[in-house]
Every structure is written in structure tokens, then in C-alpha cells.
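Visitor:
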Amino acid sequence: MYRTHLAGTLSAADVDQQVTLAGWVARRRDHGGVEFIDLRDVSGVVQVVFRDSEAAKVAHELRNEFCIEITGAVSRRPAGNENPELPTGEIEVTAESLTVLSEAAPLPFQVDDHIDVSEDVRLRHRYLDLRRTGPAKAIRLRSKANHIARNLLAEDGYVEVETPTLTRSTPEGARDFLVPVRLQPGNWYALPQSPQLFKQLLMVGGFEKYYQIARCYRDEDFRADRQPEFTQLDIEASFVTQEDVIDLGERITAALWSELADYELPRPLPQLTWHDAMDRYGSDKPDLRFGQELSELTDYLRGTSFRVFSGAIDAGGYVGAVVMPGGASQTRKELDGWQDWAKARGAKGLAYVVLNAETGEPKGPVAKNLSEEHLAGLADAVGAKAGDAVFFAASPDRHEAQELLGAARLEIGRRCGLIDEDAWAFCWVVDAPMFEPTDEGGWTAIHHPFTSPNPDWIDKFETDPGSALTYAYDIVCNGNEIAGGSIRIHDREVQSRVFDVLGITHEEAQEKFGFLLEGLKYGAPPHGGIAFGWDRVCALLAKADSIREVIAFPKTGGGYDPLTAAPTPITPEQRAEAGIDHVPETDEDAVDE
RNA sequence: GGUCCCGUGGAGCAGUCAGGAGUGCUCGCCGCCCUGUCAAGGCGGAGGUCGCGGGUUCAAAUCCCGUCGGGACCGCCA
């Protein structure tokens with residue numbers, strides 16, 4: 003045994019105890035005749051004093067982050083020398099012996115909680131970064147989250163099942179990571195984008211309740227909340243309705259937030275339909291921490307001579323607005339800045355009217371184009387008052403215009419300080435559409451192609467694919483989708499009709515996921531599930547800006563791992579052996595995808 | 001694929017707009033001093049391809065072009 007006690011657990015109750023401690027030199031304060039060391043281990047920090055001993059001579063050689071072992075007696079600190087900042091501040095350990103277990107080279111950065119270090123440097127020496135309180139705490143929090151979820155699901159009779167990571171491409175829609183197969187040159191595994199099909203087959207397999215903390219892989223561009231490999235808490239159950247899954251999702255979320263964020267979820271959580279969310283917030287993951295709901299003006303402005311609006315209205319589209327409180331006081335430059343902001347996200351611009359702070363009189367370039375009547379009632383129509391700015395979006399594509407307003411709403415929330423950073427606001431978004439139009443005039447699944455239409459549409463979704471609704475549900479927290487799921491199709495006939503709408507031929511369906519369709523033949527139970535974006539959940543609980551904070555060894559934006567320097571080139575031998583360069587003998591050998 | 005920001009001793013910054021000697025700050029590092037500190041203190045010292053390449057100029061950290069790396073966002077990611 004290297005030690006008898008943990009540094010951070012010592013207290014006045016241990017006075018006169020002889021203890022052996024092992025850990026790191028967090029800080030040293032050398033006064034010549036007496037030297038203080040803050041000894042840090044996993045439990046915390048305690049002050050070690052070196053004075054008048056052989057050990058004291060060696061102690062002068064200590065440097066930060068040396069790994070050491072000391073033996074000595076616990077004593078109460080001299081009166082007036084207590085440190086109320088430290089849990090162990092009442093006592094100290096007077097070292098009688100000191101062993102240096104491992105010296106530390108000069109550090110690339112200070113292992114010190116109050117020092118700012120760039121993320122790049124932190125990740126390159128992540129093992130040092132993780133010695134710091136904040137980063138360590140985030141990873142420990144994630145461990146607790148895993149534990150909470152596993153406990154709850156196990157008590158509910160859920161079975162943890164691992165599924166393959168070397169598998170076949172599944173149709174989530176992202177780009178696959180591919181792995182060459184030495185034994186079958188020209189054939190490749192795909193890393194799973196999610197365990198979706200496997201978990202459905204586990205339902206066919208009669209497990210009824212499955213979960214897994216599953217690693218998933220998608221080869222797309224990265225963001226603060228995206229990594230090439232990420233984790234889902236993946237759940238599926240048989241003989242469940244949407245209400246059952248929503249209840250389970252809420253119980254898991256409630257347990258996590260109760261235990262890790264000291265927040266009790268107001269259950270049941272509010273449910274918004276997907277269309278409500280779009281109409282009111284311009285987003286399918288609305289941030290409900292603040293108001294500023296959108297106003298639809300399509301009918302109000304019908305008949306306007308302003309071409310930007312009439313064009314959208316006449317095309318059967320949408321005109322709407324969002325209010326920026328106090329926005330009339332913005333300078334011309336700031337208002338122009340909104341145009342650049344809108345253009346940066348692909349819009350033509352962001353029309354606006356400002357209401358004079360004293361008179362409420364509407365002003366601005368757009369105001370000149372609107373009739374007296376439209377201007378007179380505008381403030382009431384959008385819920386604005388004198389001194390506010392009103393931003394408009396108009397488009398033949400209703401959702402496109404709403405999404406622009408939704409993005410503007412979030413920007414307004416940020417700029418006007420409307421968002422309480424300590425607040426939690428959860429909701430479900432339900433009744434999502436099944437399909438959305440593709441650029442080629444066809445249809446694509448909004449969720450995934452195994453999502454069941456709801457009972458209103460199950461017999462007729464082909465007749466109006468754009469309006470058909472699904473049994474799909476997302477849980478949203480502060481504007482983040484933290485989990486999403488659906489009731490699946492368990493009927494081969496329905497599944498095949500969905501493929502028809504998606505323009506997937508029978509042959510293509512067989513080629514891509516024939517194994518699922520085959521499985522559905524043999525008495526597949528009704529089933530559904532949900533998957534939590536685990537990195538995002540943990541990041542929210544940790545109040546972290548990026549999911550990289552809750553990943554032990556994350557990658558940077560380019561998919562680069564600063565610690566291992568992966569990915570790396572391979573040797574010619576590896577290349578030859580992997581079969582990467584295999585050329586199909588005939589065109590028929592190449593799978594057309 | 002696109003837009004914006006950043007790159008200066010080991011760490012974090014200032015200096016760049018308005019060109020004039022590698023100039024400055026905080027921390028760390030090395031040496032010496034110091035018996036009650038706790039982000040200890042004092043004195044002294046070392047440490048630089050101003051990301052890289054090219055251009056303009058008498059002169060470039062600074063201006064221009066390109067490039068690499070990092071970050072944020074749009075596209076993309078059901």
C-alpha cells in the first residue's frame with residue numbers, strides 16, 4: 003500500500019494520526035527553514051509541512067507535479083494559520099519522510115485551476131489538463147450520468163446489449179466511415195451511425211427492452227456540438243406507445259437533472275407539435291427560456307403592394323415577424339449588420355421597421371412601402387411597442403422564412419440579454435412531418451425511413467406526403483435537441499409503402515436493409531424507442547460550452563486528435579495488406595450507390 | 001464548399017488600425033535569499049524563425065498575396 007489515507011479526507015478528527023499519503027505536488031511555498039507543499043490526490047488537497055528533518059532537505063528539490071509519497075503526523079495548524087478556503091484547512095501533515103515516486107519535467111502549461119490555457123494546448127497534453135479540477139469534474143459528471151441512466155433502466159428491466167461497430171452502412175443519411183477488409187479485398191465495413199437497425203432486430207428477437215451507451219460515427223463536418231465519434235444513450239422497447247416512451251424519456255431526464263443539476267423537472271413536460279414549434283419559434287428545437295414568439299402576418303399583409311411580401315403571399319407562402327425589444331435605438335450600422343447576418347445564412351436580407359421611441363411611429367426603408375392601414379395596426383399585430391424594432395421574413399417556403407425568424411429570435415435573445423443562463427426549459431416536440439420535399443422533387447424522410455406514421459395517416463400518407471405526420475418525438479432543453487425517437491414501423495406492408503414514397507425500389511430496399519425487412523416478416527412486435535445525444539446531455543449538465551469538455555480525449559475540428567496526432571499515414575505494407583486499392587474486375591462488381 | 005476571428009520566449013496577453021532596434025505586462029522556468037505560507041515573498045538570470053512562404057519598402061510582428069494550424073458560424077449532419 004502506497005498510502006494509508008486520502009489527502010482530501012483528513013480533518014481535525016485525524017489529529018495525532020500517523021499517515022502516509024501519495025499524490026502530486028500541487029504547489030510549493032519554500033520559506034528556507036520551513037517549506038509547505040500542497041499535496042493533491044484524487045480526493046483533494048492537504049498541506050504538508052517540511053521542517054528540521056532529512057525530508058526537508060529533499061523537499062527543496064521538489065517541483066510542481068512531482069509525484070511523491072510522504073509519511074508524517076497530522077496536527078492542528080497553529081492558531082491563526084487555518085485556511086478556511088480548504089476543506090482540510092484546519093490541519094496539516096508534518097512530513098517525517100519523503101519519497102519521490104516520479105519527477106515531472108518542466109510543464110507545458112501550469113496545472114492550475116485559475117490559469118487560462120488554449121484548448122489546443124490543453125488537448126495536446128490532456129493528461130495534465132485532466133489533473134485540473136474543472137476538466138476532471140466534467141468527466142466524473144459524465145460517469146455519474148452513465149450510472150444514473152444504467153441504474154434506472156436496469157431497474158425497469160432493460161437489458162444492456164452491445165451491437166457491432168464493424169457493420170454495414172445503415173441509412174441514417176450521413177456519410178459513413180469505412181473500414182477496408184483484408185480478407186475480402188474490395189469489401190468494406192461501415193462504422194455504425196447509430197445502432198438503429200440492430201435495436202429493432204433485438205425487438206424482433208424478443209428482448210422487449212434494450213439499451214446501450216453506444217458509440218456512433220458520422221463522417222461530416224464538425225461543430226462545437228459535433229465529433230466524428232459521439233455517444234448515444236440508445237433505448238428501444240416493444241409493446242410501447244408514444245406516451246410510454248415519452249414517460250421513460252422524462253424519467254431519465256428528470257433523474258439526471260435532479261441528481262446532477264439540482265433541478266426538478268416540471269412533469270409532465272409541455273408538448274409542442276412540430277408545426278406549433280415552427281409557427282411560434284421558427285425552430286423544431288425551440289429555446290423556451292424566453293418569449294419573443296413569431297407573429298404570422300400572411301393574412302394581415304394580404305393585398306400589400308410591397309413586392310417582397312406580396313410575392314411570398316401570392317405564391318402561397320408566408321410572411322412573419324419577430325420583435326426586438328428596444329431595437330429602435332440601434333444605429334444604422336447595427337441595423338445594416340442584421341442584413342449581413344441574414345445574408346450569411348443564405349437569406350436575401352431581413353426587412354425591418356423601427357417604432358419611434360416617443361411616438362411609436364413606424365420608420366425605416368420597409369415602412370415606406372407599406373400602406374397607412376398596415377402600418378397603423380402593425381404594432382398590435384406583432385405585439386411591439388414604441389422603441390422596438392420589428393424584423394420581417396417572407397418566402398414562398400413557409401418553413402424557410404420561419405427558420406430565418408427563428409434564428410433572428412435567438413440572436414435577439416442573446417443580444418438583448420433575454421436568456422437566463424441559469425434557467426432550464428424543457429419541452430417535447432411531437433407530431434413531426436414524415437417527409438420533406440427533396441430538391442429533385444421527390445420526398446425524403448425527416449426522421450428516418452422506419453418511423454411510423456401516426457394513426458391519422460397510416461392508411462393515407464401517400465395521398466399527401468407533405469402533410470403526413472409521424473409518431474416521432476424529440477425532447478428539447480434550452481434550444482438543444484437532447485433526445486429523439488419514434489414509434490417504428492413493424493409492418494412490412496407499411497414499410498414498403500414508405501419506401502415507395504421515398505422512391506426506394508424494392509431491389510434497393512433489399513440491397514440496403516433486406517435483413518431488417520426479413521426480420522419484420524417473423525412476428526415483429528410493435529416497438530419504438532429513443533436515443534439521447536449523450537455528449538450534449540453531459541455538456542448541458544456540466545454547463546460546458548462544447549461537448550469536447552465532457553469527452554476524455556476529443557478531436558479538433560478537422561477530426562484531428564492533438565494527443566495522438568491521429569489520423570496518420572499508413573505504411574505501403576499496411577496499404578497493400580488492407581486491400582484498399584483493390585480494383586473490381588468488372589463494372590458489375592462495383593456496387594452502385 | 002463558404003464567411004468571420006485568432007496565431008508574438010513554456011502558458012496567457014498587449015503591441016498590428018497609424019511600418020522605425022524583439023518593446024511591454026501577468027504567470028511559469030533557472031540560481032540565490034528567506035521559519036507560518038496557502039495564487040507566499042525578495043533579488044538576479046535564462047528563454048524568440050512574431051505560424052510558414054512570397055511581395056511592397058531604406059526599413060515589416062505591423063501593409064499586400066498565398067499557405068498551414070486552431071476556434072465560431074452557414075452549408076452539411078434523418
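All letters in the first sequence, in the order written, are residues 3 to 595 by my numbering.
A virtual CB, placed ideally from N, CA and C, is assigned to each residue, including glycine.
Select from Gly313, Phe437, Leu543, Val60 the residue whose C-alpha is nearest the C-alpha of Glu423.
Guide: Along the first sequence, read from residue 1 onward, the residue named residue 423 stands at position 421. Glu423 has its Cα closest to that of Leu543, out of Gly313, Phe437, Leu543, Val60.
Visitor: Starting from Gly34, follow the beta strand (DSSP E) in both directions and report where the run begins and ends.
Guide: Along the first sequence, one-based indexing puts residue 34 at 32. Element bounds for Gly34: n/a, residue is neither H nor E.
Visitor: In the structure shown, what three-state DSSP assignment does Ser312 receive?
Guide: Indexing the first sequence from 1 puts residue 312 at position 310. Helix.
Visitor: Using CA atoms only, rank isn't needed, just tell me which of Arg184, Asn358, Leu267, Trp343 is closest to Glu575.
Guide: For the purposes of this step, residue 575 is taken as the residue at position 573 of the first sequence. Glu575 has its Cα closest to that of Arg184, out of Arg184, Asn358, Leu267, Trp343.
Visitor: Between the stretch 488 to 502 and the stretch 520 to 528, do at least 3 Cβ pairs fall closer than 8 Å?
Guide: Yes, they touch.
Visitor: Identify the residues that DSSP records as bridge partners of Leu12: which are they?
Guide: Stepping through the first sequence from its first residue, residue 12 is reached at position 10. Answer is none; Leu12 lacks a bridge partner.
Visitor: Apart from the five residues just before and just after Met3, which ones in its own chain have a Cβ nearer than 6 Å to its Cβ?
Guide: Stepping through the first sequence from its first residue, residue 3 is reached at position 1. Taken in chain order, the list of residues that qualify is empty.
Visitor: Does DSSP classify His401 as helix, strand or coil?
Guide: For the purposes of this step, residue 401 is identified with residue 399 of the first sequence, where counting begins at 1. His401 falls in the helix class under three-state DSSP.
Visitor: Along the chain, where does the beta strand (DSSP E) containing Asp236 start, and where does it finish?
Guide: In the first sequence, counting from the first residue as 1, residue 236 sits at position 234. Where Asp236 is concerned, the enclosing beta strand (DSSP E) stretches over 231 to 240.
Visitor: Could you pull the DSSP bridge partners for Ser297 from this structure?
Guide: On the first sequence, position 295 is the one that residue 297 refers to. BP columns for Ser297 point to Ala323.
Visitor: Report the CB separation of Val552 from Ala140 in whole angstroms; it is logged as a contact under 8 Å.
Guide: Numbered from its first residue, the first sequence carries residue 552 at position 550. Numbered from its first residue, the first sequence carries residue 140 at position 138. With a Cβ gap of about 5 Å, Val552 and Ala140 count as contacting.
Visitor: Using DSSP bridges, identify the partner residues of Phe534.
Guide: On the first sequence, residue 534 is found 532 positions in, with the first residue counted as 1. Partner(s): Leu235, Ala485.
Visitor: Excluding the 5 residues preceding and the 5 following Leu296 in the sequence, name in chain order all residues of the same chain whose CB lies nearer than 8 Å to its CB.
Guide: As a first step, residue 296 must be located in the first sequence, where it is residue number 294. So the qualifying residues of the chain are Asp281, Arg282, Tyr283, Gly284, Gly322, Ala323, Val324, Gln404, Leu407, Gly408, Arg411.
Visitor: Tell me which same chain residues have a C-beta within less than 7 Å of the C-beta of Gly46, skipping the five on either side of it?
Guide: Here residue 46 refers to the residue found at position 44 when the first sequence is read from its first residue. These residues qualify, in order along the chain: Ala9, Gly10, Pro89, Thr90.
Visitor: Name the residue from Ile72, Asp43, Val48 whose alpha carbon lies nearest to the alpha carbon of Ala57.
Guide: Working through the first sequence from its first residue, we reach residue 57 at position 55. Selected option, being the one with the closest Cα: Ile72.
Visitor: With distances taken Cα to Cα, identify the nearest neighbour of Ile506 among Leu303, Thr446, Asp122.
Guide: Counted from its first residue, the first sequence places residue 506 at position 504. With distances taken between Cα atoms, Ile506 lies closest to Thr446.
Visitor: Shortest alpha-carbon distance to Ala28 belongs to which of Asp16, Trp536, Arg65?
Guide: Reading the first sequence from its first residue, position 26 is the one you call residue 28. Ala28 has its Cα closest to that of Arg65, out of Asp16, Trp536, Arg65.
Visitor: Going by alpha carbons, who is nearest to Gly385 out of Cys479, Gly328, Arg142, Leu193?
Guide: Within the first sequence, the letter at position 383 stands for residue 385. For Gly385, the nearest C-alpha among the options comes from Gly328.
Visitor: DSSP puts Asp476 in a beta bridge; with which residues?
Guide: As a working note, residue 476 is residue 474 in the first sequence. Paired residues: Val431, Gly486.
Visitor: Under a Cβ-count criterion, where at least 16 other Cβ atoms within 10 Å of its own Cβ denotes burial, should Asp537 be classed as buried or exposed?
Guide: Here the question's residue 537 lines up with position 535 in the first sequence. Buried, since its Cβ has 16 or more Cβ neighbours within 10 Å.
Visitor: For the alpha helix (DSSP H) that contains Arg124, what are its first and last residues?
Guide: Within the first sequence, numbered from 1, the residue matching residue 124 stands at position 122. Segment 121 to 126, the alpha helix (DSSP H) holding Arg124.
Visitor: Below 8 Å, can you find three or more Cβ-Cβ pairs linking the stretch 225 to 242 to the stretch 511 to 520?
Guide: Contact between the stretch 225 to 242 and the stretch 511 to 520 is absent, because fewer than three Cβ pairs lie under 8 Å.
Visitor: Rank Asn189, Thr169, Trp190 by C-alpha distance to the C-alpha of Gln198 and give the top, closest one.
Guide: Along the first sequence, one-based indexing puts residue 198 at 196. The shortest Cα separation from Gln198 among Asn189, Thr169, Trp190 belongs to Thr169.
Visitor: Tell me which residues share the same chain as Val123 and place their Cβ nearer than 7 Å to its Cβ, disregarding the 5 neighbours each side in the sequence.
Guide: As a first step, residue 123 is located in the first sequence; it is residue number 121 there, counting from the start. Closer than 7 Å at the Cβ level, and outside the excluded window around Val123, lie Pro110, Phe111.
Visitor: Judging by CA-CA distance, which residue of Glu164, Gln202, Asp286, Arg220 is the nearest neighbour of Asp476?
Guide: Along the first sequence, one-based indexing puts residue 476 at 474. Minimum Cα distance to Asp476 is reached at Asp286.
Visitor: Based on the DSSP secondary-structure assignment, which residues constitute the bridge partners of Ile506?
Guide: The count along the first sequence starts at 1 and reaches residue 506 at position 504. Paired residues: none, contrary to the question.
Visitor: In its own chain, which residues sit with a C-beta less than 7 Å from the C-beta of Ala369, not counting the 5 before and 5 after it?
Guide: Here residue 369 refers to the residue found at position 367 of the first sequence. Hits under 7 Å: Val355, Leu377.
Visitor: Whole angstroms are fine: how far does the CA of Gly561 sit from the CA of Arg225?
Guide: The residue given as residue 225 occupies position 223 in the first sequence. The residue given as residue 561 occupies position 559 in the first sequence. Whole-angstrom Cα-Cα distance: 11 Å.
Visitor: For Pro272, which residues in the same chain have their Cβ closer than 6 Å to its Cβ, ignoring the five residues on either side in sequence?
Guide: On the first sequence, residue 272 is found 270 positions in, with the first residue counted as 1. Once the five neighbours on either side are set aside, the close Cβ partners of Pro272 are Cys429.
Visitor: Please report the residue range of the beta strand (DSSP E) in which Thr255 lies.
Guide: Numbered from 1 along the first sequence, position 253 holds the residue referred to as residue 255. Where Thr255 is concerned, there is no enclosing beta strand (DSSP E), although the alpha helix (DSSP H) it sits in stretches over 244 to 262.
Visitor: Rounded to the nearest angstrom, what separates Ala344 and Glu413 at their Cα positions?
Guide: Within the first sequence, numbered from 1, the residue matching residue 344 stands at position 342. Within the first sequence, numbered from 1, the residue matching residue 413 stands at position 411. Answer to the nearest angstrom: the Cα atoms are 11 Å apart.
Visitor: From what residue to what residue does the beta strand (DSSP E) around Gly46 run?
Guide: As a first step, residue 46 is located in the first sequence; it is residue number 44 there, counting from the start. Where Gly46 is concerned, the enclosing beta strand (DSSP E) stretches over 46 to 53.
Visitor: Do you know whose CA, among Leu420, Asp458, Asp289, lies nearest Ala434's CA?
Guide: Here residue 434 refers to the residue found at position 432 of the first sequence. Answer by Cα proximity: Asp458.
Visitor: In three-state terms, what does DSSP make of Trp459?
Guide: For the purposes of this step, residue 459 is identified with residue 457 of the first sequence, where counting begins at 1. Coil at Trp459, not helix or strand.
Visitor: I need the straight-line Cα distance from Val161 to Gln202, nearest angstrom please.
Guide: Counting from one through the first sequence, the residue named residue 161 turns up at place 159. Counting from one through the first sequence, the residue named residue 202 turns up at place 200. About 14 Å.
Visitor: Out of curiosity, what's the CA-to-CA distance linking Asp591 and Ala192?
Guide: Position 589 of the first sequence holds residue 591. Position 190 of the first sequence holds residue 192. Residue placement at Asp591 is flagged as unreliable, the pLDDT there being 49, under the threshold of 50; the coordinate-derived value follows with that caveat. Cα to Cα, the separation comes out at about 18 Å.
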